[in-house]
Amino acid sequence: MRWDFVGFTLRMVLPQLDSTQVALLRPRLVRLGYRMLGSVAEAEDAVQEALLRYQRVDAEVDNPEAFLSRTVTRVCLDALKSARRKRETYVGPWLPEPIFDAHETVSDDVTLTLMLALERLSPLERAAFLLHDVFGVGLDEVASTLEREPAACRKLATRAREHVREARPRYEVSAERGAELAHAFYVASRAGDLSALRQLLAEDVIVYSDGGGKRSAATKPVLGSSRVERFYLGLARKADYQPARCYEPAQIDGLPGFITIGPDGATQTTAIAIEDDKIVAIYMVRNPDKLQRVQLPGAYS
Numbered sequence: 003m004r005w006d007f008v009g010f011t012l013r014m015v016l017p018q019l020d021s022t023q024v025a026l027l028r029p030r031l032v033r034l035g036y037r038m039l040g041s042v043a044e045a046e047d048a049v050q051e052a053l054l055r056y057q058r059v060d061a062e063v064d065n066p067e068a069f070l071s072r073t074v075t076r077v078c079l080d081a082l083k084s085a086r087r088k089r090e091t092y093v094g095p096w097l098p099e100p101i102f103d104a105h106e107t108v109s110d111d112v113t114l115t116l117m118l119a120l121e122r123l124s125p126l127e128r129a130a131f132l133l134h135d136v137f138g139v140g141l142d143e144v145a146s147t148l149e150r151e152p153a154a155c156r157k158l159a160t161r162a163r164e165h166v167r168e169a170r171p172r173y174e175v176s177a178e179r180g181a182e183l184a185h186a187f188y189v190a191s192r193a194g195d196l197s198a199l200r201q202l203l204a205e206d207v208i209v210y211s212d213g214g215g216k217r218s219a220a221t222k223p224v225l226g227s228s229r230v231e232r233f234y235l236g237l238a239r240k241a242d243y244q245p246a247r248c249y250e251p252a253q254i255d256g257l258p259g260f261i262t263i264g265p266d267g268a269t270q271t272t273a274i275a276i277e278d279d280k281i282v283a284i285y286m287v288r289n290p291d292k293l294q295r296v297q298l299p300g301a302y303s
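First residue of the sequence shown: 3, per our numbering; consecutive thereafter.
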């Protein structure tokens with residue numbers, strides 16, 4: 003497993019850290035990388051690159067955690083340049099790799115909705131916001147990481163904060179209510195039950211379907227309750243969208259949802275955003291490259 007290798011590397015190249023410090027450091031670095039890049043695999047690569055760079059440093063490092071956080075951020079900033087070029091040619095809407103609450107490396111208050119808001123920021127704004135607002139890094143350290151003046155980093159974080167403010171939920175939805183709405187949506191969408199869907203969907207609901215050109219998916223977001231209802235009615239009539247072979251409720255990047263294995267064996271994650279007890283956004287990931295880490299007990303038996 004990649005994690006075992008990264009953990010082994012940490013123990014080898016950071017002998018001054020005890021096992022407790024290592025256990026605390028590793029999840030934070032990958033969390034940072036994932037929130038920057040939207041991919042656990044790419045985040046792990048960024049962490050590994052940071053470890054290799056640390057290993058090559060001749061001088062003694064006073065604060066290994068700060069050094070590694072700075073290095074992971076800089077590696078991610080470089081990676082974002084190529085990532086943005088790739089997304090310009092990506093087939094259909096791009097969604098981050100789905101991550102579940104049980105995944106210890108990314109547990110924080112950044113939801114999938116906020117991740118998409120971060121996509122609209124410049125790389126420096128994104129880094130400043132994540133480091134300062136999400137990970138609690140002081141402005142002087144942010145400035146050192148981004149190689150900018152503290153005042154400039156404050157402006158970056160402020161602009162980013164203004165952009166993402168609207169993405170934060172206006173009120174909290176209990177886990178129980180979220181799970182209830184997610185299951186009701188699953189049943190209604192699979193059955194093509196228009197009456198039930200109308201009770202669940204907000205007027206301005208939007209659907210993002212990420213197939214990456216490798217699985218069937220809508221190539222543009224579907225906006226508005228009437229269009230979304232027709233979209234799911236059409237899916238319900240297709241053989242590969244009949245009741246799933248395997249269904250499991252899940253919290254996906256902080257949002258209620260579910261994982262399914264279709265009759266054709268295809269894995270899909272679906273997350274929903276809720277406001278005023280209505281579903282305002284639906285995020286479907288079907289790209290198999292982003293679902294390799296999804297494992298359901300008995301799904302393939």
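Positions of the beta carbon are idealized from the N, C-alpha and C atoms, including for glycine.
Model, not experiment: these values are computed from the prediction.
In chain order, what residues of the same chain lie with their CB nearer than 7 Å to the CB of residue i, ignoring the 5 residues before and after it?
{"i": "Leu97", "result": "Tyr210, Asp212, Tyr285 and Val287"}
{"i": "Cys78", "result": "Gly35, Met38, Leu39 and Ala48"}
{"i": "Gly180", "result": "Pro258 and Ile276"}
{"i": "Asp116", "result": "Looking at the sequence provided, one finds Leu at residue 116 rather than Asp. Taken in chain order, the residues that qualify are Val166, Ala169 and Arg170."}
{"i": "Arg89", "result": "Trp96"}
{"i": "Ala104", "result": "Any reading at Ala104 must be qualified, since the residue scores a pLDDT of 49, below 50, and its modelled position is unreliable; the value itself is stated next. Once the five neighbours on either side are set aside, Ala104 has no close Cβ partner at all."}
Applying the criterion that 16 or more other CB atoms from any shown protein chain within 10 Å of the CB defines a buried residue, is residue i buried or exposed?
{"i": "Tyr36", "result": "buried"}
{"i": "Pro265", "result": "exposed"}
{"i": "Gln253", "result": "buried"}
{"i": "Val59", "result": "exposed"}
{"i": "Ala153", "result": "exposed"}
{"i": "Asn289", "result": "buried"}
{"i": "Ala177", "result": "exposed"}
{"i": "Ser228", "result": "exposed"}
{"i": "Asp80", "result": "exposed"}
{"i": "Arg122", "result": "exposed"}
{"i": "Ser84", "result": "exposed"}
{"i": "Ser303", "result": "For Ser303, the pLDDT reaches just 35, beneath the cut-off of 50, and the residue's location in the model is therefore unreliable, leaving the point undetermined."}
{"i": "Leu120", "result": "buried"}
{"i": "Asn26", "result": "It should be noted that the sequence gives Leu, not Asn, for residue 26. Counting Cβ neighbours within 10 Å, Leu26 comes out exposed, since fewer than 16 surround it."}
So, using beta-carbon positions, are residue i and residue j closer together than 8 Å?
{"i": "Val74", "j": "Ala48", "result": "yes"}
{"i": "His185", "j": "Ala159", "result": "no"}
{"i": "Val296", "j": "Thr271", "result": "yes"}
{"i": "Arg217", "j": "Ala268", "result": "yes"}
{"i": "Pro203", "j": "Leu183", "result": "Here residue 203 turns out to be Leu, not Pro, going by the sequence shown. No, the Cβ-Cβ distance between Leu203 and Leu183 is not below 8 Å."}
{"i": "Tyr188", "j": "Phe260", "result": "yes"}
{"i": "Leu132", "j": "Ser71", "result": "no"}
{"i": "Arg150", "j": "Glu127", "result": "no"}
Which two residues bound the contiguous alpha helix (DSSP H) that contains residue i?
{"i": "Ala193", "result": "Ala177 to Ala193"}
{"i": "Gly236", "result": "Ser227 to Ala238"}
{"i": "Ser146", "result": "Leu141 to Leu148"}
{"i": "Leu97", "result": "Here Leu97 belongs to no alpha helix (DSSP H), and DSSP marks it neither H nor E."}
{"i": "Gln57", "result": "Val42 to Arg58"}
{"i": "Asp81", "result": "The sequence shown places Ala at residue 81, not Asp. Segment Pro66 to Glu90, the alpha helix (DSSP H) holding Ala81."}
{"i": "Ala275", "result": "Element bounds for Ala275: not the alpha helix (DSSP H) but the beta strand (DSSP E), Thr269 to Glu277."}
{"i": "Glu174", "result": "First-last for Glu174: undefined, no H or E at that position."}
{"i": "Pro125", "result": "Pro125 to Phe131"}
{"i": "Thr113", "result": "Counting along the chain, Thr113 falls outside any alpha helix (DSSP H), and DSSP gives it neither H nor E."}
{"i": "Glu164", "result": "Pro152 to Val166"}
Please list the terminal residues of the continuous beta strand (DSSP E) segment that includes residue i.
{"i": "Pro251", "result": "Cys248 to Ile254"}
{"i": "Glu205", "result": "Leu203 to Asp212"}
{"i": "Pro258", "result": "Leu257 to Ile263"}
{"i": "Ala219", "result": "Counting along the chain, Ala219 falls outside any beta strand (DSSP E), and DSSP gives it neither H nor E."}
{"i": "Val282", "result": "Lys280 to Val287"}
Using the Cα positions of residue i and residue j, report the straight-line distance between them to the nearest angstrom.
{"i": "Thr107", "j": "Arg239", "result": "Low confidence applies here, because Thr107 scores a pLDDT of 49, under 50, leaving its location unreliable; read the following figure in that light. Spanning the two alpha carbons is a distance of roughly 39 Å."}
{"i": "Glu51", "j": "Val144", "result": "20 Å"}
{"i": "Asp278", "j": "Ala169", "result": "15 Å"}
{"i": "Ala190", "j": "Thr221", "result": "23 Å"}
{"i": "Met38", "j": "Gln294", "result": "20 Å"}
{"i": "Val207", "j": "Thr147", "result": "39 Å"}
{"i": "Ser41", "j": "Leu118", "result": "13 Å"}
{"i": "Ile281", "j": "Thr113", "result": "15 Å"}
{"i": "Val175", "j": "Ala198", "result": "20 Å"}
{"i": "Val166", "j": "Pro66", "result": "31 Å"}
{"i": "Ala45", "j": "Arg33", "result": "8 Å"}
{"i": "Phe137", "j": "Leu196", "result": "43 Å"}
{"i": "Thr91", "j": "Ala219", "result": "16 Å"}
{"i": "Ser124", "j": "Lys157", "result": "13 Å"}
{"i": "Val230", "j": "Leu237", "result": "11 Å"}
{"i": "Pro95", "j": "Leu54", "result": "34 Å"}
{"i": "Ile274", "j": "Arg76", "result": "32 Å"}
{"i": "Val139", "j": "Gly256", "result": "22 Å"}
Please work out which residues of its chain come closer than 6 Å, Cβ to Cβ, to residue i, disregarding the five sequence neighbours upstream and downstream, and give them in chain order.
{"i": "Tyr173", "result": "none"}
{"i": "Gly215", "result": "Val93"}
{"i": "Lys292", "result": "Glu99"}
{"i": "Phe233", "result": "Val224"}
{"i": "Arg200", "result": "none"}
{"i": "Leu235", "result": "Gly194"}
{"i": "Glu164", "result": "none"}
Which residues in the same chain have their Cβ closer than 8 Å to the Cβ of residue i, if we skip the five residues on either side of it in sequence?
{"i": "Cys155", "result": "Ala130, His134, Leu141, Val144, Ala145 and Leu148"}
{"i": "Glu205", "result": "Gly226 and Ser227"}
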